[in-house]
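Asks: Below is a structure I'd like to ask you about.
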Amino acid sequence: MYPNVRFKFGKNWNNYSSKIDQSKLHKAIISLKKLLPSEIDFTKKSFLDIGCGSGIHAISAKKLGFKTVCCTDYDIESVNTSKNNAKKFEYEINVFQDDILNSNINDKFDLVYSWGVLHHTGNMKKAITNIKKFVMPKGHLIIAIYRKTYFCPFWKKIKFFYCRTNNINKFILEKLFYSILIIRHVVTLNFSIFVKVERGMNLFYDSVDWLGGYPYESATKKEIIDMVGTEFSLINSYNSKSGYGFFGTGCAEYIFRKK
Ligand SMILES: C[S@@+](CC[C@H](N)C(=O)[O-])C[C@H]1O[C@@H](n2cnc3c(N)ncnc32)[C@H](O)[C@@H]1O
4 MYPNVRFKFG
14 KNWNNYSSKI
24 DQSKLHKAII
34 SLKKLLPSEI
44 DFTKKSFLDI
54 GCGSGIHAIS
64 AKKLGFKTVC
74 CTDYDIESVN
84 TSKNNAKKFE
94 YEINVFQDDI
104 LNSNINDKFD
114 LVYSWGVLHH
124 TGNMKKAITN
134 IKKFVMPKGH
144 LIIAIYRKTY
154 FCPFWKKIKF
164 FYCRTNNINK
174 FILEKLFYSI
184 LIIRHVVTLN
194 FSIFVKVERG
204 MNLFYDSVDW
214 LGGYPYESAT
224 KKEIIDMVGT
234 EFSLINSYNS
244 KSGYGFFGTG
254 CAEYIFRKK
């Protein structure tokens with residue numbers, strides 16, 4: 004791992020931010036709701052989002068009725084973008100800068116959520132150990148982590164190259180990869196991607212996030228269960244089967260309950 008090589012996630016989230024409208028927020032709410040345990044009464048619960056990016060999922064949590072919502076990101080540009088988006092949608096959210104590997108958070112929360120973050124910290128194992136501390140007894144931990152695939156070593160090299168190369172090469176790589184994704188969707192007759200991108204995201208900014216997302220780690224379902232450890236029970240997971248990962252690996256989603 005090269006500690007000084009990091010993708011500027013915040014810049015990408017800031018660029019994507021202008022695309023967030025009520026329809027994208029609605030899709031983000033649906034994706035978040037799918038992961039939330041149906042038995043919990045949100046209005047009495049606290050929600051923490053680690054690595055909030057644009058803030059769209061923290062805003063979704065507030066819209067779903069969580070009593071308090073807090074979100075953090077390592078990248079100050081993500082923090083500012085999330086603050087601006089919370090203001091835009093008129094929701095009260097506590098947003099601040101924090102590094103999950105060296106966190107200043109002392110509170111515990113009913114639901115701790117971190118989607119597509121812990122594998123980008125440079126030390127996923129430590130990040131998982133740290134995030135567990137924020138979950139209240141009987142609370143829930145929802146994490147999304149890249150699946151381990153055959154192409155993980157290849158993508159890791161591409162991401163490393165992208166983060167270190169000049170802006171012209173970055174531009175070429177972005178357009179090339181985006182075009183490949185479009186062609187793939189057209190060839191497989193998957194036109195839904197043009198109207199509906201999961202979680203309220205946007206195909207172009209998602210593809211840039213994938214290309215640049217370094218540091219990069221991935222894990223199998225078993226590795227994640229082992230890292231989370233025996234104080235938690237896995238109550239559900241989605242998309243956790245490893246594939247080839249030729250077009251990118253995709254995240255598996257895990258829902259744990261603290262014993
Ligand atoms: C792929 S983005 C996911 C953003 C958001 N969770 C979502 O689903 O849209 C990863 C985010 O993790 C943040 N991040 C990376 N390392 C981090 C760390 N050590 N502590 C907190 N956040 C971190 C990045 O700045 C980035 O905003």
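131 is the number that this note's numbering gives to position 128 of the sequence shown; each next residue is one higher, with no gaps.
Idealized CB from N, CA, C, for every residue including glycine.
Every value quoted in this text rests on a predicted model; they were computed, and no experiment measured them.
(1) Run through the region 30 to 93 for me and flag every whole beta strand (DSSP E) of 3 or more residues, listed as ranges in chain order.
(2) Give a single yes or no on whether Gly-253 has its beta carbon closer than 8 Å to a heavy atom of ligand 2.
(3) With distance defined between alpha-carbon atoms, name the residue in Lys-65, Ile-96, Glu-220 nearest to Phe-163.
(4) Within 10 angstroms of its Cβ, does Val-82 collect 16 or more other Cβ (buried), or is it exposed?
(5) Quick check on the DSSP output: the beta strand (DSSP E) that includes Arg-260 runs from which residue to which?
(6) Hey, how far is the Cα of Val-98 from the Cα of Asn-88?
(7) If you compare alpha carbons, which of Tyr-217, Ser-117, Asp-52 is closest to Ile-96?
(8) Enumerated in chain order, which unbroken segments of the alpha helix (DSSP H) with a length of 4 residues or greater are wholly contained in the region 87 to 157?
(9) Given Ser-240, which residues of its chain have a CB within under 8 Å of its CB, disregarding the five upstream and five downstream residues?
(10) Once you ignore the five residues that flank Leu-67 on each side, which residues in its own chain have a CB closer than 6 Å to its CB?
(11) Closest by CA to Ala-64, which one among Lys-36, Asn-170, Ser-41?
(12) CB of Ser-81 to nearest heavy atom of ligand 1: below 8 Å?
(13) First and last residue of the beta strand (DSSP E) that includes Leu-237?
(14) Go to Phe-249, then tell me how far its alpha helix (DSSP H) extends in each direction, as first and last residue.
(15) Given 8 Å as the limit, tell me if His-29 has its C-beta closer than that to any heavy atom belonging to ligand 1.
(16) Taking the alpha carbon of Tyr-153 as the reference point, which residue from Gly-253, Glu-42, Leu-38, Phe-235 has its own alpha carbon closest?
(17) Using the rule of at least 16 other Cβ atoms within 10 Å of the residue's Cβ for burial, across every protein chain shown, is Asn-133 buried or exposed?
Replies: Let's see:
(1) 49 to 53, 71 to 76
(2) For the structure depicted, ligand 2 is absent and the ligand set comprises only ligand 1.
(3) Glu-220
(4) By the 10 Å Cβ count, Val-82 comes out buried.
(5) 254 to 261
(6) Whole-angstrom Cα-Cα distance: 11 Å.
(7) Asp-52
(8) Counting only runs of 4 or more, we get 127 to 135.
(9) Lys-224, Ala-255, Glu-256, Tyr-257, Ile-258
(10) Phe-45
(11) Lys-36
(12) yes
(13) 235 to 241
(14) Phe-249 -> no alpha helix (DSSP H), and no H or E assigned at all.
(15) no
(16) Gly-253
(17) buried
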